[in-house]
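These notes are about the structure you will find just below.
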Amino acid sequence: MLRSLVVLAAVCHVLAGAPLYGQCGGTGWTGATTCDSGVCTYSNDWYSQCLPGSGGGTTAPPTTTATTTKATTTTTATTTSGGSASSNLPSTFKWSSSAALIGPHSDSHNLAALKDPSIIFYNGAYHVFASTAVSAGYNLVYLSFTDFGAANASTYHYLDATPIGSGYRAAPQVFFMAPQNLWYLVYQNGNAAYSTNKDITNPAGWSAPKTFYSSMPAIISQNIGSGFWVDMWVICDSANCHLFSEDDNGHVYRSDTSLANFPNGMSQPVIAISDSNRNNLFEASNVYKVGNLYLLIVECIGSSGRRYFRSWTSSSLTGTWTAKTATESNPFAGASNVAFSGTPWTQDISHGEMIRSNVDQTMTISPCNMRYLYQGISPTASGDYNALPWRLGLLTATNSPC
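Residue numbers for the sequence shown, in mature numbering (1 follows the signal peptide of the UniProt record, and there is no 0): -17 to -1, 1 to 385.
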């Protein structure tokens, strides 16, 4: 009888698959390796995930060469899968969206929204930093999890209780500065600010804010009009680190300092790209390295007032940006190219970040298995912008070129 129960338990374990968007594989993973819904899709050596597809099943990982170091250093990976994982971005983008996955907890913070996520996958877990929003203003939160299906149940670490402090802090970007063996959190606080930490898993380890500038640079104050200086983004090449930002008024700015001197010595900004219609270049730029190219995406406001992203490419961070998918009808991501299961929970595809191929300052992504954590909102929501109920969802590319 005991033997029969053991066999039955083993059979049940085999038959129980991971849920949609759950983990289904990876180095050290001991849970389910099939999916109750969707297809088990390889992301990297440490993580495979059940993503929308026809029926349950498993997608075998591609050939991967990986170099991994311990907790205080970075992780890099080079992946190939039939095609080249270099600059083979698709000519157009198509996505499927999850339901809303992450939102405010019911606690003393009484948040209206979670917004502006920055995400990395490191040492077997996702690490997310986001803006916390109430009608009175913004601050930051950190959470980590191994499974998107359980993300909303993870512990929220509110960073106003750390040396980052209270007051206006928003729109974080996290990355590992490999030459310094140090984590950076870049954010806005009325200026372009940053904090550092030796251990990303220790919320109390973040340093007090420092700024890249003593005050708003002159070129920004001259062009900002009625906008706001927002959404700072750092990306480094082999020689320099570049700081991108926007002004909610049709301008994307770029400044730089040497890799060796970062974060000090940031130059006065220049306008990297501009548009006379402020809605066509509004905010929330991301810049990524994809093979031999750089990909720039910027959040825009569409004809109906809904948010979407346009995209450009360049061979250099200081070069000319060429439009790629840069219209509302052919966006990087927007209502016209994102599919939902059932009624869409949002018509806005707004501020977010790609899950990158590594965690370092190069902001490298692969065109294979692209996933983008973004903020969305109920189409019926209305009222004061700071009190709108933004939630976080996950986009998964459905037309990978690989």
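Backbone N, C-alpha and C fix where the C-beta goes; we use that ideal spot for every residue, glycine too. Small disclaimer: the values here were computed from a predicted structure and weren't measured.
The DSSP assignment places complete beta strand (DSSP E) segments of no fewer than 3 residues inside the region 211 to 283 at 213 to 219, 223 to 229, 234 to 241, 253 to 257 and 266 to 273, in order along the chain.
When Cβ pairs closer than 8 Å are counted between the two stretches, the region 173 to 187 is seen not to touch the region 355 to 368, the count staying below three.
The distance from the Cβ of T296 to that of Y277 is about 7 Å, consistent with a contact at the 8 Å cut-off. In this structure the region 322 to 333 does not lie against the region 297 to 306, because fewer than three pairs of beta carbons, one per stretch, are closer than 8 Å. By the Cβ neighbour-count rule, A144 is exposed, with fewer than 16 other Cβ atoms within 10 Å of its own. A201: member of the alpha helix (DSSP H) spanning A201 to N206, first to last residue. DSSP, read as helix, strand or coil, puts Y355 in strand. With a cutoff of 8 Å on beta-carbon distance, G376 and A82 are scored as near each other.
For the options M353, T363 and S190, the alpha carbon positioned closest to that of S79 is the one of M353.
Under the three-state reduction of DSSP, P192 is assigned to coil, being neither helix nor strand. If you ignore the 5 residues before and after S149, its C-beta comes within less than 6 Å of the C-beta of D143, all in its own chain and listed in chain order. Here D182 is exposed: its Cβ has fewer than 16 other Cβ atoms, across all protein chains shown, within 10 Å. Exposed is the label assigned to T75, since fewer than 16 other Cβ atoms lie within 10 Å of its Cβ.
The criterion of a C-beta distance shorter than 8 Å is not satisfied by S294 and F265. A straight line joining the alpha-carbon of T363 with that of L84 spans about 19 Å.
Ranking S197, D214 and G132 by CA distance to the CA of M249 puts S197 first. With a 10 Å radius around the Cβ and a threshold of 16 neighbouring Cβ atoms, A201 comes out exposed. Ranked by Cα distance from F104, the first of P87, Y121, F131 and F195 is F131. Assigned with DSSP and collapsed to three states, A370 falls in helix. Taken through DSSP and simplified to helix, strand or coil, G325 comes out as coil.
Secondary structure note for D99: its beta strand (DSSP E) is the uninterrupted segment A96 to Y105. Of all alpha-carbon atoms in G208, A187, V124 and N164, the one lying nearest the alpha-carbon of V342 is that of N164. Counting C-beta pairs with one atom in each stretch, the region 247 to 261 and the region 219 to 238 have three or more that are closer than 8 Å, which means they touch. One Cα belongs to S365, the other to L371, and the distance between them is close to 7 Å.
One thing to note: I332 has its Cβ within 8 Å of the Cβ of R290. No Cβ-Cβ contact shorter than 8 Å links S241 with L226. Beta bridge pairing from DSSP links A116 with A96 and Y121. For D143, the secondary structure class from DSSP, reduced to helix, strand or coil, is helix. Counting along the chain, S333 sits inside the beta strand (DSSP E) bounded by residues S333 to M337.
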